[in-house]
Structure formats: structure tokens, C-alpha cells
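Input: a single structure, listed below in C-alpha cells.
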Amino acid sequence: MTVEQMSNEKKLDVICLGAAVVDIPLRPVSRDIFDIESYPVDRIAMSVGGDAMNEATIISRLGFKTGIIACIGDDAAGQFILRSCKKDNIDVEGIKIDPNIDTSMNIGLVTEDGERTFVTNRNGSLWKENIEHVDFEKMKQAKILSLASIFNCPLLDGKTLVEIFKVAEENGMIISADMIKPRLGETLDDIREALSYVDYFFPNYDEACLLTGETEEAKVADKLFECGVKNVIMKIGKRGCYIRNVSGAMIVPACKGVTAIDTIGAGDNFASGFIAALLQGKNIHECAIYANCTAAISVQHVGATTGVKNKEMVDEMLEKYKKDYIL
7 MTVEQMSNEK KLDVICLGAA VVDIPLRPVS RDIFDIESYP VDRIAMSVGG
57 DAMNEATIIS RLGFKTGIIA CIGDDAAGQF ILRSCKKDNI DVEGIKIDPN
107 IDTSMNIGLV TEDGERTFVT NRNGSLWKEN IEHVDFEKMK QAKILSLASI
157 FNCPLLDGKT LVEIFKVAEE NGMIISADMI KPRLGETLDD IREALSYVDY
207 FFPNYDEACL LTGETEEAKV ADKLFECGVK NVIMKIGKRG CYIRNVSGAM
257 IVPACKGVTA IDTIGAGDNF ASGFIAALLQ GKNIHECAIY ANCTAAISVQ
307 HVGATTGVKN KEMVDEMLEK YKKDYIL
């Protein structure tokens, strides 16, 4: 079913399910940080993060009615997330406030040359989010369900995702999913059934290699396609993305002339651009181009959601892309 064929009664275009957290990046830091009693950095500031939060923010800025399903604590960090959602017109009815947990906060240590490590709270909301926090009635209000990252919230495991995806399928929703590297040693078999429900799957090459045990692009994509994924859209870095579906395979090249200064959130921006293009009625090749353009803007700015501010920015990048490739 296409987006155009869906009922106009849907209140939302997209619902993003996954993590909503607060990030505190510290940059630049050196490896001798503990040898200095008071360590100065250029700036310390909170920002929203998490896969679902990033996607919901960008898709909303691209002009679509977007909601988020996530779990946060009843604390200052949680209120910070809610304020950010209000600013970007994101529907927060699907956010569950659980007073028994802390909103996850990530401290990012970034060196001058871009190396990163994150200090995370394993008892925070990201690690505690489970199916009880999923508002199924809210989810049904959207045309598209975006599971922002498989493995990011460990309690949303393969069996749980099957339950969620079944409800989405029964309600005529398009299902998309991204992923990160497994946190707890999960394997492809753990999510094989869940993947069979996915219409659009957005792993990056390294993640997909780890999951499939293959290293050749075609074999990696084929193995995921064999799980029942309708469209495998594998991000292959500076080269763009590799698409595998029933029609075969193709590579959609990345934008030319882009100098990346921060790749955090690039995958979330890619998925956001692809979903936004789907909602515009574009075909899969056009969606991939739009996704590449969205990610290209993101990597030229520090932070996952600071680059793409509106649809006009992506449209401008799209026009440049068309000229560069004479489309």
C-alpha cells in the first residue's frame, strides 16, 4: 500500500518509536583530562538526542505531522525533551512519563580530531523502555511507523517488535526501521521475524556486515532481503546508499562536494529524509536522493538536529544534486 492509498483519516503522517534522550557533548577534550583539576572546554550545553527524537524533529521540520513514542522520567531532563518537542511541533501524546526511572542522559567526550566516547546511564529510560510504554492507540493514528533503531532500546527485542509490527500491519501502516550495532550480542536470527514486516530498512554497511556475517555489499543486502524486508536501503557512507528489493539492486550516489564535520545523527537524518520523500509520493530512487541530500546537510553541522532547519534547505541541496548528476 502506498502513502497516497492510505486513509485521510490518519491524524499523523509519521510516528517515531524509540529513544528520546538528553545529550551533553563536551568538546574538545584530550586524553589527559583527568590530570587537570579544572578542565575548560569551548561550550557545555544540553541538546536533545536519541534516534526517535532526532527523526521526529527532522521530519516535522520537513513539513509533516509527526509524533513520538518514547519513555522519559518525571525530571528536568524529561521536561527539556518535552519543551523541544513543543518547539518543533511534535505530538507528544505517545510519550510516557515514568516517575520510577530517570530520563537518559549521554555525556559525549569529543577530541580535537573527532574521536568520541559516550558515558551513558544503563539504568536510564533508554535501557528501561519496553512494550508497556508503547501507546498502540496513538501509533495507529499514523500512516508510517518508524522504529528509529533496532537494538537501541534493548527491551524492545525481536519478539516485542513482532508484536508491535503486527499491530502496525493490521492497521495498514508502512513500517520503516533503522538499527545500531547490537548492544547485548543479539544476532540476525533474533530479529529475523521482525524484519519480515519491514517495508524500508536503513542499516549502515558496518552494522549490516556485523549482523549478516558478510562483507560484500551485494551479499550483505541479499541476506537482509531474504529475511523478508521489502526494501533494503543500506547506507554506504561517502558513496551514498545501496538499494536491494524485488526489482534488483542499485547504488544511489551521495551528494558531491560535501565536507563532513560531524556525522552524529547522519543516519537519523537519512531515514528522516527518505520518509519525508515517501510522504511526498516520490519513487524509491527519488527517496534515496532526498535522503542523501538531507544527510549531507546534517554532516556539515555539529549536532544531530542543528543542520536541517526546514524543507527549503533540502530542496536547495536537491537542486544542486540534480545539476551535479544532470538529472
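Heads up: the sequence shown at position 148 corresponds to 154 in this note's numbering, and the numbers run straight through without jumps.
Cβ atoms here follow ideal geometry from the backbone N, Cα and C, with glycine treated the same way.
Chain-order list of residues whose beta-carbon lies under 8 Å from that of residue i (same chain, five-residue window excluded)
i, result
"residue 213", "185, 186, 187"
"residue 116", "31, 32, 33, 34, 35, 122"
"residue 37", "117"
"residue 307", "267, 268, 313"
"residue 92", "98"
"residue 124", "112, 113, 114, 115"
"residue 47", "32, 33, 34, 35"
"residue 88", "78, 98, 101"
Residue span of the beta strand (DSSP E) that contains residue i, given as start and end
i, result
"residue 149", "148–156"
"residue 233", "Neither: residue 233 is in no beta strand (DSSP E) and is coded neither H nor E."
"residue 29", "27–33"
"residue 19", "18–23"
Cut-off 6 Å between Cβ atoms - residues of its own chain near residue i, not counting five sequence neighbours on either side
i, result
"residue 238", "207, 227, 230, 231, 250"
"residue 73", "18, 21, 97, 100"
"residue 181", "151, 171, 174, 203, 204, 205"
"residue 153", "23, 183"
"residue 62", "22, 72, 74, 96"
"residue 155", "24, 57, 184, 185, 186"
"residue 109", "78, 79, 81, 83, 84, 131"
"residue 146", "177"
"residue 272", "301, 304, 305"
"residue 126", "112"
"residue 45", "39"
"residue 105", "80"
Residue i burial status per 10 Å Cβ neighbour count (16 or more: buried)
i, result
"residue 40", "exposed"
"residue 256", "exposed"
"residue 193", "exposed"
"residue 172", "exposed"
"residue 95", "exposed"
"residue 221", "exposed"
"residue 29", "buried"
"residue 80", "exposed"
"residue 334", "Since the first and last residues shown for the chain are 7 and 333, residue 334 lies out of range."
"residue 274", "buried"
"residue 67", "buried"
"residue 82", "exposed"
"residue 209", "buried"
"residue 191", "exposed"
"residue 277", "buried"
"residue 64", "buried"
"residue 217", "buried"
"residue 253", "exposed"
"residue 225", "exposed"
Contacting residues, own chain, Cβ-Cβ under 7 Å from residue i (five flanking each side not counted)
i, result
"residue 299", "261, 279, 320, 323, 324, 327"
"residue 189", "157, 160"
"residue 199", "164, 168"
"residue 264", "302, 305, 306"
"residue 179", "148, 149, 150, 151"
"residue 288", "296"
"residue 244", "260"
"residue 246", "257, 258, 259, 260, 298"
"residue 281", "20, 65, 150, 152, 182"
Enclosing alpha helix (DSSP H) for residue i [first to last residue]
i, result
"residue 65", "57–67"
"residue 132", "131–134"
"residue 52", "From DSSP, residue 52 is part of no alpha helix (DSSP H); its letter is neither H nor E."
"residue 142", "142–145"
Enumerate, from N- to C-terminal direction, the unbroken beta strand (DSSP E) stretches of 3 or more residues contained entirely within the stretch 76–125.
101–104, 111–116, 122–125
Where are the alpha helix (DSSP H) runs, 4 residues long or more, that stay fully inside the stretch 239–319, in chain order?
272–285, 290–304
Residue ranges of each alpha helix (DSSP H) run of no fewer than 4 residues wholly in the stretch 152–225, ordered along the chain?
164–176, 194–201, 211–218
Quick one: any contact between the stretch 137–145 and the stretch 47–57, if contact means 3 or more CB pairs under 8 Å?
no
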